[in-house]
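Report on the following structure.
Numbering (my numbering), first residue to last: 15 to 239.
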């Protein structure tokens, strides 16, 4: 067999493996810090419950599941220890190298770590969301989010965490721009939600919207659209 035929065969195998690969759809949740009081523990548990409920709703609300299998399979996966308690990040992803290796080996869409803050008038969650190697113009692997635990958007998908998850899904690698139209549609839904975030958190909402607009523009340039 000639070398050219061998190379073609290898290329076909690689292409097939990519096309049949499972989409990244699991959001791995670790124990958040500063949960040292009963009130903070309760706040975190409420956040966790709401997050687990709202992520699957994204697929129903967007009706883009045919184009994005990850939306249909989207779910929060608590990272548990042998005692069935949430693991602390330091146990598995204590530095950037461990975080990247864990993300790569598990096939997770995103890793969630953070702290609970009950100071001030409005308690909130601070999340560091790691989305790994995505095709983002900013090239950043993480984003810092804040979610007030009260307000009209808290238990909806019009919050910063939903925006970041949609952004991560839309910026998964896409060979030859085959998903250009559906990527723009998904990013547009994320942008709509970023505008809602701006109502309660202007600075964060503006940051999210800027990232989304930059991503859409980069897609248009890359795909000559």
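For each residue, glycine too, the CB sits at the ideal point set by N, CA and C.
Beta-carbon contacts of residue i that lie in its chain and below 6 angstroms, excluding the five residues immediately before and after
i: residue 68; result: 171
i: residue 107; result: 113, 116
i: residue 191; result: 237
i: residue 55; result: 49
i: residue 141; result: 126, 128, 159
i: residue 91; result: 40, 42
i: residue 118; result: none
Beta bridge counterpart(s) of residue i as assigned by DSSP
i: residue 128; result: 141
i: residue 156; result: 144
i: residue 41; result: 90, 124
i: residue 162; result: 138
i: residue 47; result: 129
Residue i beta carbon near the ligand GTP (any heavy atom closer than 7 angstroms)
i: residue 129; result: For the structure depicted, the ligand GTP is absent and the ligand set is empty, with no information on it obtainable.
Test: residue i CB closer than 8 angstroms to a CB of chain B
i: residue 159; result: You won't find chain B in this structure, because it holds only one protein chain.
Other residues of its chain near residue i: CB distance less than 8 angstroms, five sequence neighbours each side excluded
i: residue 163; result: 57, 60, 61, 136, 137, 138, 139
Chain-order list of residues whose beta-carbon lies under 7 angstroms from that of residue i (same chain, five-residue window excluded)
i: residue 115; result: none
i: residue 194; result: 233, 237, 239
i: residue 311; result: Since the first residue of the chain shown is 15 and the last is 239, residue 311 is not available in this structure.
i: residue 165; result: 214
Residue i and residue j closer than 8 angstroms at C-beta
i: residue 38; j: residue 121; result: yes
i: residue 93; j: residue 175; result: no
i: residue 123; j: residue 182; result: yes
i: residue 6; j: residue 201; result: Because residue 6 is not part of the residues shown, which for the chain are 15 to 239, the question remains open.
i: residue 73; j: residue 65; result: no
i: residue 145; j: residue 155; result: yes
i: residue 178; j: residue 157; result: yes
i: residue 126; j: residue 45; result: no
i: residue 89; j: residue 103; result: no
i: residue 199; j: residue 226; result: no
i: residue 173; j: residue 161; result: yes
i: residue 132; j: residue 205; result: no
i: residue 76; j: residue 130; result: no
i: residue 111; j: residue 148; result: no
i: residue 159; j: residue 143; result: yes
i: residue 167; j: residue 214; result: yes
i: residue 196; j: residue 81; result: yes
Opening and closing residue of the alpha helix (DSSP H) in which residue i lies
i: residue 201; result: 194-214
i: residue 53; result: 52-76
i: residue 181; result: 174-184
**Item:** Length at least 4, wholly inside the segment 89-129: the alpha helix (DSSP H) runs in chain order
**Value:** For the segment 89-129, whole alpha helix (DSSP H) runs of length 4 or above, ordered along the chain, are 103-106, 110-120.
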